[in-house]
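Q: Before anything else, here's the structure in question.
Chains as they are written, first to last, in the working numbering: chain P, 32 to 276; chain D, 107 to 364.
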């Protein structure tokens, strides 16, 4: 019963955030602020994870490819496709669920508990439109860019690790990257990135916006948001893979 | 004029407000008093539309606020300023940005004009050098005054104050009370204050509504309250010996005046 009530509340929240902005300039500034918060705030962790993710992929792929009949350039192909198809969109978005999702849920939860959301409503501002809409749009704009950055850094990290450990030369790796490249994989990765971005922003907004109680509930809402986002990302990942691949 | 008509509001199958009706006086300082848990804040939140009453209606100047759509309510809400119990200032904004916010949202004034208005209201609440400070750097009394400044920046018709003295020392409470009273008279605002501070009742309340266990128990002026025979009201207001003495003294003064 609670699940249906939460799904209903979530749908109403999404419906309620579509209204005419009271002042377009203020909303634009808020959107830019959110883009900067989400993008710049998460760039560091995304870069670190991506480089190491690519590096480990290269070393582990090389470790598994023991047959002399398989060319070394295959390592680059495997790393490229793994990073583009799975690691960059899914792993990065699961990390972003913690970084961005937790932050949004606790920020909105704190605003709810300290009556800041009520203050917006009293001023005649649609708090859903002002607080939630810019966050979702900013996530949809910025997270796919972060995923592209993660893919590029992941492949670069894999290349660097391969050369440093002496598994593969730079020339062979670059050659392997070009072999059998499917642009559709990038489309698939971006489809996943947009889906996950919407899940991260909307679910965290839902749990944060609907906090009832005090600071303890803010923590609970933040944790619940991250858990639900992770589960939904994995579920969506499976559904998209079975539908689009 | 703000009118509450037969308001009923409950949470988890328990009624917090039970059939409350009152007409709050225009251009005066109206007080809703009562013990903690008597339903003051819930009634106020029903009046401003933060809670939807289960039954009953709220009228602003004869217009039925309860039946209005969100868009229609926005027109009325632009005429409402509210000071929250915890001030509800936006943490991520400075004092200046907090007060600029409603101006940015609803006016076409130039930045210079908006800044002038911000400084005017900050000056009015005696906070001149705090423009660039964040709410976390302010004391409780200062936060309340910034909250008042933000509430009056758009020249509202109605000012709602939820427990403006909670958590403040007696001296700062007096300053806030005086400020609310002065602003009510100066801007001819209809003010509604939720409080259980007896000083506020005596000093600023033109019209007082006493709530007890979700019901309106008594209403009248601050002069009538002295002579009230309502036991629950007297038990609440004149709870201490000190206040009983003050009541006797005030009654004598009022009788002599008459």
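Note that the Cβ used here is the ideal one computed from N, Cα and C, for glycine as well.
By the criterion of Cβ-Cβ separation under 8 Å, what are the contact partners of residue 156/P in chain D?
A: Locating residue 156/P in the first chain gives position 125, counting from the first residue. Going along chain D in sequence order, the residues near residue 156/P (Cβ under 8 Å) are 211.
Q: Pop quiz: residue 252/D and residue 137/D are said to be a contact at Cβ under 8 Å. What is the actual Cβ separation, rounded to whole angstroms?
A: Along the second chain, read from residue 1 onward, the residue named residue 252/D stands at position 146. Along the second chain, read from residue 1 onward, the residue named residue 137/D stands at position 31. Wrong, their Cβ atoms sit about 23 Å apart, outside the cutoff.
Q: Just checking: is the beta-carbon of residue 255/D within a distance shorter than 7 Å of some beta-carbon in chain P?
A: Your numbering for residue 255/D matches position 149 in the second chain. Chain P contact via Cβ: absent.
Q: Taking residue 197/D as the reference, which of 120/P, 167/P, 141/P has the closest Cα?
A: The count along the second chain starts at 1 and reaches residue 197/D at position 91. Of the candidates 120/P, 167/P, 141/P, the one whose C-alpha sits nearest the C-alpha of residue 197/D is 141/P.
Q: Taking three-plus beta-carbon pairs below 8 Å as touching, is the region 156-168 of chain P in contact with the region 100-109 of chain P?
A: Cβ pair count under 8 Å is below three, so no.
Q: What does residue 317/D pair with, by DSSP beta-bridge criteria?
A: Indexing the second chain from 1 puts residue 317/D at position 211. According to DSSP, which records beta bridges pairwise, residue 317/D is partnered with 140/D, 322/D.
Q: Got a sec: is the Cβ-Cβ distance from residue 192/D to anything in chain P below 7 Å?
A: Mapped onto the second chain, residue 192/D falls at position 86. Taking Cβ atoms only, chain P reaches closer than 7 Å to residue 192/D, which makes this a yes.
Q: Name the chain D residues that come within less than 8 Å of residue 147/P, Cβ to Cβ?
A: Position 116 of the first chain, counted from the start, is the residue given in the question as residue 147/P. Residues of chain D passing the Cβ test: 194, 195, 196, 197.
Q: Tell me whether residue 100/P sits in a helix, a strand or coil according to DSSP, three-state version.
A: Taking the first chain and counting its residues from 1, one reaches residue 100/P at position 69. Residue state, collapsed to three classes: coil.
Q: Do residue 140/D and residue 304/D count as a contact pair if the criterion is CB distance below 7 Å?
A: Along the second chain, read from residue 1 onward, the residue named residue 304/D stands at position 198. Along the second chain, read from residue 1 onward, the residue named residue 140/D stands at position 34. No, these two residues do not count as a Cβ contact at 7 Å.
Q: Could you name the residues of the region 57-76 of chain P whose beta carbon sits closer than 7 Å to any beta carbon of chain D, in the order they occur along the chain?
A: Cβ contacts with chain D: 57.
Q: Chain P beta carbons: is any one of them nearer than 7 Å to that of residue 248/D?
A: Translated into positions along the second chain, residue 248/D becomes position 142. No, because no Cβ of chain P sits closer than 7 Å to the Cβ of residue 248/D.
Q: Answer yes or no: does any C-beta atom of chain D fall closer than 7 Å to that of residue 136/P?
A: For the purposes of this step, residue 136/P is identified with residue 105 of the first chain, where counting begins at 1. Output row for residue 136/P: interface = no.
Q: With DSSP collapsed to three states, give me the class of residue 53/P.
A: Within the first chain, numbered from 1, the residue matching residue 53/P stands at position 22. Reduced to three states, the DSSP call for residue 53/P is coil.
Q: Helix, strand or coil: which one does DSSP assign to residue 240/D?
A: Within the second chain, numbered from 1, the residue matching residue 240/D stands at position 134. Looking at residue 240/D - three-state DSSP - the assignment turns out to be coil, as it is neither helix nor strand.
Q: By the 9 Å beta-carbon criterion, what residues does the region 278-298 of chain D contribute toward chain P?
A: The region 278-298 of chain D vs chain P, Cβ under 9 Å: nothing.
Q: For a contact meaning CB atoms closer than 7 Å, what does residue 184/D contact in chain P?
A: By 1-based counting over the second chain, the position of residue 184/D is 78. Those are 155, listed as they occur along chain P.
Q: Just to make sure I have the definition right: I need the residues of chain P whose C-beta is within less than 9 Å of the C-beta of residue 153/D. Which are they?
A: Along the second chain, read from residue 1 onward, the residue named residue 153/D stands at position 47. Correct list: empty, because the minimum Cβ distance to chain P is about 11 Å.
Q: Report yes or no: is there a C-beta of chain P within less than 7 Å of the C-beta of residue 200/D?
A: Looking up residue 200/D in the second chain gives position 94. Not an interface residue.
Q: Please name the residue, chosen from 327/D, 189/D, 275/D, that lies closest to residue 265/D on a Cα-to-Cα basis.
A: Your numbering for residue 265/D matches position 159 in the second chain. Per the Cα distances, 189/D.
Q: Using a Cβ-Cβ distance under 7 Å, would residue 262/D count as near chain P?
A: Numbered from 1 along the second chain, position 156 holds the residue referred to as residue 262/D. Closer than 7 Å: no.
Q: Have a look at the DSSP bridge pairing and note the partners of residue 77/D.
A: There is simply no residue 77/D to check, as chain D begins at 107 and stops at 364 in what is shown.
Q: Take residue 175/P as the anchor and find which of 198/P, 192/P, 191/P, 220/P has the nearest alpha-carbon.
A: Reading the first chain from its first residue, position 144 is the one you call residue 175/P. Of the candidates 198/P, 192/P, 191/P, 220/P, the one whose C-alpha sits nearest the C-alpha of residue 175/P is 220/P.
Q: Measuring straight from C-alpha to C-alpha, what distance separates residue 197/P and residue 135/P?
A: Here the question's residue 197/P lines up with position 166 in the first chain. Here the question's residue 135/P lines up with position 104 in the first chain. Whole-angstrom Cα-Cα distance: 43 Å.
Q: Alpha carbon to alpha carbon, what distance is there between residue 244/D and residue 227/D?
A: Locating residue 227/D in the second chain gives position 121, where the first residue counts as 1. Locating residue 244/D in the second chain gives position 138, where the first residue counts as 1. Cα-Cα distance, rounded: 17 Å.
Q: Can you give me the Cβ contacts of residue 202/D inside the same chain, cut-off strictly under 7 Å, excluding the 5 residues immediately before and after it?
A: Working through the second chain from its first residue, we reach residue 202/D at position 96. If we look at residue 202/D and ignore the five residues flanking it on each side, its Cβ neighbours are 224, 237, 238.
Q: Give me whichever residues DSSP pairs with residue 268/D in a beta bridge.
A: As a position in the second chain, residue 268/D is number 162, starting the count at 1. According to DSSP, which records beta bridges pairwise, residue 268/D is partnered with 300/D.
Q: Near residue 49/P, which residues of its chain fall below 8 Å by C-beta distance, leaving aside the five closest residues on each side in sequence?
A: Against the first chain, residue 49/P aligns to sequence position 18. Closer than 8 Å at the Cβ level, and outside the excluded window around residue 49/P, lie 160, 164.
Q: Tell whether a beta-carbon distance below 7 Å holds between residue 279/P and residue 115/P.
A: Outside the modelled stretch of chain P, which goes from 32 to 276, sits residue 279/P, for which no answer is possible.
Q: Reducing DSSP to helix, strand and coil, say where residue 231/D ends up.
A: Here residue 231/D is taken as the residue at index 125 of the second chain, counted from 1. Residue 231/D: coil per DSSP, three-state reduction.
Q: Can you tell which of 276/P, 267/P, 270/P, 252/P has the C-alpha that lies nearest to the C-alpha of residue 133/P?
A: For the purposes of this step, residue 133/P is taken as residue 102 along the first chain, with counting starting at 1. When each option's Cα is compared against that of residue 133/P, the closest is 252/P.
Q: Less than 7 Å between the beta carbons of residue 291/P and residue 184/P, yes or no?
A: Because chain P here runs from 32 to 276, residue 291/P falls outside it and cannot be looked at.
Q: Going along chain D in order, which residues have a C-beta closer than 8 Å to the C-beta of residue 248/P?
A: Within the first chain, the letter at position 217 stands for residue 248/P. Under the 8 Å cutoff, chain D gives no residues; its nearest Cβ is about 16 Å from residue 248/P.
Q: Tell me, please, whether the CB atom of residue 159/D is closer than 7 Å to any CB atom in chain P?
A: Numbered from 1 along the second chain, position 53 holds the residue referred to as residue 159/D. Chain P, which has no Cβ nearer than 7 Å to the Cβ of residue 159/D, makes this no.
Q: Interface residues of chain D around residue 54/P at Cβ under 8 Å?
A: Locating residue 54/P in the first chain gives position 23, where the first residue counts as 1. The answer, in chain order, is 210, 211, 212.
Q: Tell me, which residues are paired with residue 128/D by DSSP?
A: Mapped onto the second chain, residue 128/D falls at position 22. Answer by DSSP bridge pairing, in chain order: 110/D.
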